[in-house]
Each structure stands twice: as C-alpha cells, then as structure tokens.
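S.K.:
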Amino acid sequence: MKKELGVALLEALKAEGAQEIFGLPGDFALPLFKTIEETGILPCYTLSHEPAVGFAADAAARLHRGISVAAVTYGAGALNMVNAVAAAYSERSPVVVLSGAPGAADRATGLGVHHQAKRLRSQLEIYREVTCAQAVLDDVERVPERVSHVLARCRAESRPVYIELPRDMLSAPCAPIPHQALEPVNAQVLEACVEEVADRIAEARHPVLLVGVEIRRYGLERAVEALVRKLGIEVFTTFMGRGLLAESNTPVGGTYMGIAGDPAVADAVESSDALLMLGVIMADSNFGPSVDGIDPRNAIIAADGEVTLGFHTYNELPLADFVEGLVRRVDPRTAPAIVTEVPPTGLIADDGVITPRDMACAVNDLFEAHGRMPVASDMGDCIFTAMDFLPTRLVAPGYYATMGFGVPAGIGLQAASGDRVLIVVGDGAFQMTGWELLNCGRYGWDPIVIVFNNASWEMLRAFQPESRFNDLDLLNFAQIAETLGGDGHSASTRAELKTALERAAATRGRFQLIDARMTRGDISPRLTSFVTGFQRLRARTQ
Ligand code: S1T
Ligand code: MG
C-alpha cells in the first residue's frame with residue numbers, strides 16, 4: 010500500500026532504529042519539516058546552527074549504537090554541516106543526513122538557484138566525500154531500493170549516509186521502503202580466521218586486548234565482556250575508546266596513550282606478543298604518541314570489516330561475527346595480574362588555582378557523590394583531562410579532533426538518553442558552539458557545563474608557544490550563561506570549583522555553567538606528553 014514519500018521515509022528511518030531528528034529547516038526543507046512536525050513519527054529538535062545539528066546527531070547515534078538523523082536545508086544548511094558529518098565519518102558514527110533540495114520547478118527556471126554553489130549537484134558531490142552511501146530521491150519508483158540501500162550501508166559501516174529530498178517529492182505516492190538485510194558472512198573464512206587467532210592467543214606469553222570505538226558502534230561490549238572473562242587477559246582502551254566497557258564489570262586497565270599515558274599501560278600494550286585490537290581506528294591520535302610503537306607482527310587488528318594478523322588480512326569479516334566466533338572458540342586462560350590506572354579523587358578545596366588535575370579530582374568527587382554522568386568533551390585540554398575522569402560513557406572527537414563538538418554533543422546525549430550530562434569545553438571551543446545552550450530551556454535540557462577558561466587556545470600554544478594569536482580575551486562565561494537561560498557559577502579557586510559543582514548538581518531544570526578560571530600555560534601532563542609524542546612522530550617522518 011503506497012504512502013506519501015515523506016511518511017514512508019520517516020517510517021523507514023524509525024524502523025531502522027532512529028529515535029529522533031536534529032534539524033534546522035530552510036526553504037527547500039519546509040515541506041520535509043512540515044511532514045516531520047505533523048506526523049510526529051520521530052521527535053525533532055531544532056538547534057541554532059547546522060554544525061550543532063550534525064554534532065548532536067553524531068552523539069545521539071553513538072549513544073544509541075544506531076542511526077540518528079540530521080535534517081537540514083539545501084546549500085547554506087547542508088554545507089554548513091559538512092565538518093560535523095566529516096567528524097562522524099572519521100569516528101564511525103551512523104548519522105543519516107537528510108537534506109531538502111530544489112524541486113523540478115526550481116531547476117526549470119534556467120536561473121541560478123538560491124543556495125546553489127558551483128552546480129546543483131555540487132552538494133551531492135561534496136557529501137560523497139563524508140558519507141559511505143548517497144541517495145537522491147528524484148524518482149519515486151526508485152525510492153524504496155535507494156533508501157533501503159543507504160540505510161543498510163549506514164548500519165553495516167557505522168558511517169554517515171546522505172539522502173537528498175527535492176521539496177516537491179514529499180507527497181509523491183511511494184511504495185513501502187523495505188529493510189535490507191546485511192550480506193551473510195562467509196562461514197569458512199570466519200572459521201579459518203577465528204582458528205588462527207585463537208591459536209595465536211593460546212600460544213602467546215602475554216596476550217593483551219585493546220578495544221576501540223567499533224565495539225560500541227556495533228553493540229559488542231557484552232560480547233567483549235564475555236571474551237575478557239573467558240580469556241582472563243588484560244584489557245585497555247584506546248584514546249578514542251575511553252569509557253568503553255564503563256557500564257560492565259570488566260576490569261579495564263586504563264587508556265593506552267603511548268608516552269601521553271600511564272607508562273605501565275604503554276608497557277603492557279607495546280610489549281604484548283599477541284595484541285588483539287578489537288574495533289580500533291588506526292589513527293595518529295590513537296597511536297601517534299607511542300613510545301616504541303606496536304610491532305605489527307604481534308598485532309591482530311579486527312576493525313572496519315577486516316581482520317589483519319601480522320602481514321595478512323581476512324576480508325569481509327564483520328566485527329560482530331568475529332568477536333562472537335572468538336568467544337565460542339577460545340580456551341579459557343587464568344587471569345593474570347591486572348594493570349589498572351587509578352583516576353584522581355579527593356580535591357583539596359583550598360584557595361589554590363585550578364589545575365587540570367584538580368578538575369579531574371573535582372569531577373570524580375562529584376561522580377562518587379552523585380553517580381557517574383555521561384560526558385561530552387570538546388577538543389582542547391578538556392579531552393585530555395577527561396581521560397582522568399572515572400570511566401563513564403564518553404563522547405569526544407578523539408580522532409577527527411574538531412572543536413565545537415562538546416556542547417551540541419552534550420545536548421544530543423541528553424535529548425537521546427534523558428540523562429543529565431556533563432559537558433567539558435575550552436573557552437575557545439565554547440565561542441564556536443557554546444551558544445547552543447540557549448535551546449536547553451525549550452526542551453528542558455539541563456546539562457552541567459564546565460568551561461576550562463584559560464583565555465587561550467592553549468593546545469595550540471603547547472605546539473607553538475611563541476605565537477601571540479593564542480591569547481584570547483578573558484570572557485565572563487558565568488554572565489553569558491544567565492543570558493542564555495541557565496545559571497552561571499564563577500570559580501577561580503579549588504574551593505569555589507567544589508562549591509560550584511555541588512550547587513550545579515543540586516539544581517535541575519536549567520543548565521548549569523561553571524566558568525572555571527585556569528592559568529595560561531598550565532596544561533595536563535597528558536597533553537604535554539601528547540604534544541611531545543606528535544613532535545617525535547613528525548621528527549621521525551621528516
Ligand atoms: N578549528 C576547529 C573547528 N577545530 C580545531 N581542532 C582547530 C580549529 C585547531 C585547534 C586545536 S586545539 C585549538 C584549536 C584552535 C585551541 C582550543 O582552545 P580551547 O577550546 O580554549 O581549549 P584549550 O585552551 O584547552 O586548548 C587542535 C590542535 O586541532
Ligand atoms: Mg582555552
């Protein structure tokens with residue numbers, strides 16, 4: 010039975026697991042947003058600027074371990090969001106980009122169409138570079154196959170996809186959009202691979218498990234928990250994977266960050282003779298600052314649909330099939346001594362200035378007193394400080410490293426989960442998307458936001474201390490919070506930070522912003538070592 014295309018599309022998105030839409034309408038998307046609003050098939054949260062729409066959808070997708078939707082208008086809207094979708098692509102987040110577009114009549118004028126760049130196809134061509142599949146819904150007969158294909162790719166690759174919807178197609182009668190099953194795995198290839206890996210682990214003197222974001226994207230944390238229990242081996246996360254397994258009983262030894270992390274963790278990972286890397290993104294932020302690097306002969310990398318042992322690869326092996334095959338096949342081992350990092354707690358609430366380590370202590374004390382909160386971090390020293398938070402659900406741009414992610418991602422997390430969220434963001438990044446907090450009142454969101462206010466692009470200063478452009482003006486973010494509809498708290502000492510956090514935790518219904526005054530040049534040891542690691546990496550490759 011045929012339905013209006015807009016309705017069929019929204020029903021298909023919901024059937025594929027979407028639970029909400031983040032959006033910002035415009036002329037070419039007005040019919041789409043009208044259908045969204047009138048049908049109520051999916052709740053839609055509008056924000057103030059398209060980068061935030063993309064970041065919020067990305068965070069929601071990571072939380073759901075399934076698709077989320079970013080709906081925008083053509084040109085000015087969608088092209089505004091390219092950076093956020095690129096971040097989702099790099100960090101394996103399944104965001105469905107839904108862009109309005111000119112209709113047949115708009116295209117037939119022979120005139121340039123408003124919001125058009127070089128050509129009417131330019132937007133599609135640009136989005137080809139930051140999505141794994143694309144569909145233009147200009148032929149209603151082809152809509153079911155095109156949409157079911159891109160949604161299947163979105164799930165299979167856990168990457169963004171792009172759907173372009175001409176404004177005059179919303180009411181076209183459309184056949185139901187079917188669910189497209191994923192290709193079954195080749196059982197013989199899977200068995201051969203599992204056998205080889207199980208043997209490698211059985212023969213190893215010191216097998217170690219390193220987990221990355223894909224184990225969350227594909228909902229495998231429970232299967233990995235079973236694998237760790239069975240193997241009894243040490244497990245660590247990558248920098249991007251911080252917070253993985255936080256809700257399980259698995260004793261995670263810490264976060265591997267090479268010279269930027271705990272030396273005992275770096276030694277355990279880099280000395281392993283069978284380093285099983287599950288769902289790990291092979292990126293410089295995960296492995297750049299390594300001490301002696303990881304010997305590829307000792308590495309078993311299961312990620313991006315392949316399993317590589319040493320110098321040979323099994324192709325088309327979805328991570329879920331591999332992990333579940335391994336759990337069934339491996340022989341139990343006795344549990345060795347586990348290396349564990351101990352996150353700092355017990356803030357000394359005195360008149361001392363606030364350092365990044367104090368910040369980690371204060372947050373961990375808050376978590377111990379009131380329960381761990383999901384955390385959204387921006388890029389800057391806040392993300393390195395977040396590595397010292399007690400393990401909890403964490404979304405951060407650890408690989409793509411874009412600023413502007415933190416506040417919109419925190420909003421996306423609360424919209425998607427209903428849980429109160431902690432957001433950590435630098436003053437520079439807050440200037441980009443912190444204003445999105447003005448939308449919290451409309452939707453009842455009340456995150457706790459900590460601004461690391463060092464009046465500086467401090468992470469850049471760590472790389473290039475001689476540049477004066479890193480000096481920012483000292484802004485009063487507590488005052489700005491009041492204007493945006495929240496409560497602002499200034500904190501210049503450890504005692505004031507502790508008090509501000511307690512007050513924020515006790516206040517619900519309005520976002521709470523803590524303007525934490527920090528000192529230029531005072532950065533976390535992790536950031537210092539991370540910069541050193543990158544400088545060594547660059548020296549090596551010059
Ligand atoms: N623009 C965007 C959208 N993302 C970026 N990552 C950058 C520029 C480059 C950049 C960093 S870190 C940084 C910039 C500008 C400064 C961050 O300042 P702030 O938010 O105040 O945090 P902190 O003072 O803790 O450093 C990375 C290297 O790419
Ligand atoms: Mg700063």
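Per the working numbering: the sequence shown = residues 10 to 551.
We put the beta carbon where it would ideally sit given N, CA and C, even for glycine.
(1) Just reading off the beta strand (DSSP E) that residue 257 is part of, what are its end residues?
(2) Just reading off the beta strand (DSSP E) that residue 526 is part of, what are its end residues?
(3) Does residue 357 pass the burial test, meaning 16 or more other C-beta atoms within 10 Å, or should it be called exposed?
(4) Taking Cβ positions, are residue 147 and residue 102 nearer each other than 8 angstroms?
(5) Taking DSSP as the reference, what is the three-state secondary structure of residue 90?
(6) Let me check you understand the geometry: is the CB of residue 221 closer than 7 angstroms to at least one non-hydrogen atom of the ligand S1T?
(7) Compare the beta carbon distance of residue 219 and residue 318 with 8 angstroms and say whether it is the shorter of the two.
(8) For the beta strand (DSSP E) holding residue 28, just list the boundary residues, first then last.
(9) Just curious, the beta strand (DSSP E) that residue 145 is in, first and last residue?
(10) Should residue 321 be labelled buried (16 or more other beta-carbon atoms within 10 Å of its own) or exposed?
(11) Do three or more CB pairs link the segment 179 to 193 to the segment 11 to 27 at distances below 8 angstroms?
(12) For residue 36, which of helix, strand or coil comes out of DSSP?
(13) Buried or exposed, going by whether 16 or more other CB atoms sit within 10 Å of the CB of residue 302?
(14) Find the nearest neighbour of residue 164 within the set 508, 384, 26 and 537, judged by alpha-carbon distance.
(15) Can you give me the start and stop residues for the alpha helix (DSSP H) that residue 373 sits inside?
(16) According to DSSP, what are the bridge partners of residue 245?
(17) What span of residues does the beta strand (DSSP E) with residue 286 cover, start to end?
(18) Is it the case that the segment 416 to 436 contacts the segment 457 to 470, given that we only count it when at least three CB pairs across the two stretches are under 8 angstroms?
(19) Is it buried or exposed for residue 418, if we count other Cβ within 10 angstroms and need 16 for buried?
(20) Could you give the uninterrupted runs of the beta strand (DSSP E) lying entirely in the segment 429 to 479, keeping only those of 3 residues or more?
(21) Taking 7 angstroms as the cut-off, does the CB of residue 393 come closer than this to any heavy atom belonging to the ligand MG?
(22) Which same chain residues, not among the five before or five after residue 516, have their C-beta less than 7 angstroms away from its C-beta?
(23) What are the start and end residues of the alpha helix (DSSP H) that includes residue 158?
(24) Taking all protein chains shown into account, decide if residue 173 is buried (16 or more other Cβ within 10 angstroms of its Cβ) or exposed.
(25) Would you say the beta carbon of residue 148 is closer than 7 angstroms to some non-hydrogen atom of the ligand S1T?
(26) When DSSP labels each residue in this structure, what does residue 293 get in the three-state scheme?
(27) Can we count residue 463 as close to the ligand S1T, meaning its CB is less than 7 angstroms from some heavy atom?
(28) Going by DSSP, which residues form a beta bridge with residue 264?
(29) Along the chain, where does the alpha helix (DSSP H) that runs through residue 136 open and close?
(30) Quick one: what does DSSP say residue 339 is sitting in, helix, strand or coil?
(31) In this structure, does DSSP put residue 73 in helix, strand or coil?
(32) Quick one: grab the DSSP three-state call for residue 392.
(33) Quick check: residue 401 and residue 384, are their CB atoms within less than 8 angstroms of each other?
(34) Let me know the secondary structure DSSP gives residue 9 once reduced to three states.
(35) Between residue 82 and residue 121, which are expected to be in contact by the criterion C-beta below 8 angstroms, what is the C-beta distance as a whole number of angstroms?
(36) According to DSSP, is residue 149 part of a helix, a strand, or is it coil?
M.R.: Quick look at the numbers:
(1) For this step, residue 257 is matched to residue 248 along the sequence shown. First-last for residue 257: undefined, no H or E at that position.
(2) Here residue 526 corresponds to residue number 517 of the sequence shown, with the count starting at 1. Taken as a continuous stretch (DSSP letters only), the beta strand (DSSP E) holding residue 526 covers 521 to 526.
(3) For the purposes of this step, residue 357 is identified with residue 348 of the sequence shown, where counting begins at 1. So residue 357 ends up on the exposed side.
(4) Within the sequence shown, numbered from 1, the residue matching residue 147 stands at position 138. Within the sequence shown, numbered from 1, the residue matching residue 102 stands at position 93. No, these two residues do not count as a Cβ contact at 8 angstroms.
(5) As a working note, residue 90 is residue 81 in the sequence shown. Helix.
(6) By 1-based counting over the sequence shown, the position of residue 221 is 212. Residue 221: no, Cβ never under 7 angstroms from the ligand S1T.
(7) Mapped onto the sequence shown, residue 219 falls at position 210. Mapped onto the sequence shown, residue 318 falls at position 309. No.
(8) Residue mapping note: residue 28 aligns to position 19 of the sequence shown, counting from 1. Where residue 28 is concerned, there is no enclosing beta strand (DSSP E), given that its DSSP letter is neither H nor E.
(9) Here residue 145 is taken as the residue at index 136 of the sequence shown, counted from 1. 143 to 145 is the extent of the beta strand (DSSP E) around residue 145.
(10) Position 312 of the sequence shown holds residue 321. Result: exposed.
(11) Judged by Cβ distances under 8 angstroms, the segment 179 to 193 makes contact with the segment 11 to 27, as three or more pairs qualify.
(12) In the sequence shown, residue 36 corresponds to position 27, counting from 1. DSSP places residue 36 in helix when its eight states are reduced to three.
(13) Counting from one through the sequence shown, the residue named residue 302 turns up at place 293. Classification for residue 302: exposed.
(14) Position 155 of the sequence shown, counted from the start, is the residue given in the question as residue 164. When each option's Cα is compared against that of residue 164, the closest is 26.
(15) Here residue 373 refers to the residue found at position 364 of the sequence shown. Per DSSP, residue 373 belongs to the alpha helix (DSSP H) from 365 to 379.
(16) Within the sequence shown, residue 245 is the residue found at index 236, counting from 1. Partner(s): 219.
(17) Numbered from 1 along the sequence shown, position 277 holds the residue referred to as residue 286. Here the beta strand (DSSP E) through residue 286 covers 283 to 287.
(18) With contact defined as three or more Cβ pairs closer than 8 angstroms, the segment 457 to 470 and the segment 416 to 436 are in contact.
(19) The count along the sequence shown starts at 1 and reaches residue 418 at position 409. The residue in question, residue 418, is buried, as its Cβ has 16 or more Cβ neighbours within 10 Å.
(20) 431 to 435 and 457 to 462
(21) In the sequence shown, counting from the first residue as 1, residue 393 sits at position 384. Answer for residue 393: no, Cβ out of range of the ligand MG.
(22) As a first step, residue 516 is located in the sequence shown; it is residue number 507 there, counting from the start. Correct list, in chain order: 496.
(23) Here residue 158 refers to the residue found at position 149 of the sequence shown. First-last of the alpha helix (DSSP H) with residue 158: 152 to 166.
(24) Against the sequence shown, residue 173 aligns to sequence position 164. Buried, since its Cβ has 16 or more Cβ neighbours within 10 Å.
(25) Working through the sequence shown from its first residue, we reach residue 148 at position 139. No, since every heavy atom of the ligand S1T falls outside the 7 angstroms radius drawn around the Cβ of residue 148.
(26) By one-based count along the sequence shown, residue 293 stands at place 284. Here residue 293 sits in helix by DSSP.
(27) Locating residue 463 in the sequence shown gives position 454, where the first residue counts as 1. Yes - the ligand S1T has a heavy atom lying nearer than 7 angstroms to the Cβ of residue 463.
(28) For the purposes of this step, residue 264 is identified with residue 255 of the sequence shown, where counting begins at 1. Partner(s): 246.
(29) The residue labelled residue 136 in the question sits at position 127 within the sequence shown. Its alpha helix (DSSP H) spans residues 131 to 137.
(30) Taking the first residue of the sequence shown as position 1, residue 339 is located at position 330. Coil, per DSSP.
(31) On the sequence shown, position 64 is the one that residue 73 refers to. Looking at residue 73 - three-state DSSP - the assignment turns out to be helix.
(32) Numbered from 1 along the sequence shown, position 383 holds the residue referred to as residue 392. Of the three classes helix, strand and coil, the one that applies to residue 392 here is helix, per DSSP.
(33) On the sequence shown, residue 401 is found 392 positions in, with the first residue counted as 1. On the sequence shown, residue 384 is found 375 positions in, with the first residue counted as 1. Yes, they are a contact pair.
(34) Any property of residue 9 remains undetermined from this structure, which presents the chain solely from 10 to 551.
(35) Taking the first residue of the sequence shown as position 1, residue 82 is located at position 73. Taking the first residue of the sequence shown as position 1, residue 121 is located at position 112. At roughly 17 angstroms, the Cβ-Cβ gap does not stay under 8 angstroms, so residue 82 and residue 121 are not in contact.
(36) Position 140 of the sequence shown, counted from the start, is the residue given in the question as residue 149. Annotated three-state conformation of residue 149 is helix, per DSSP.
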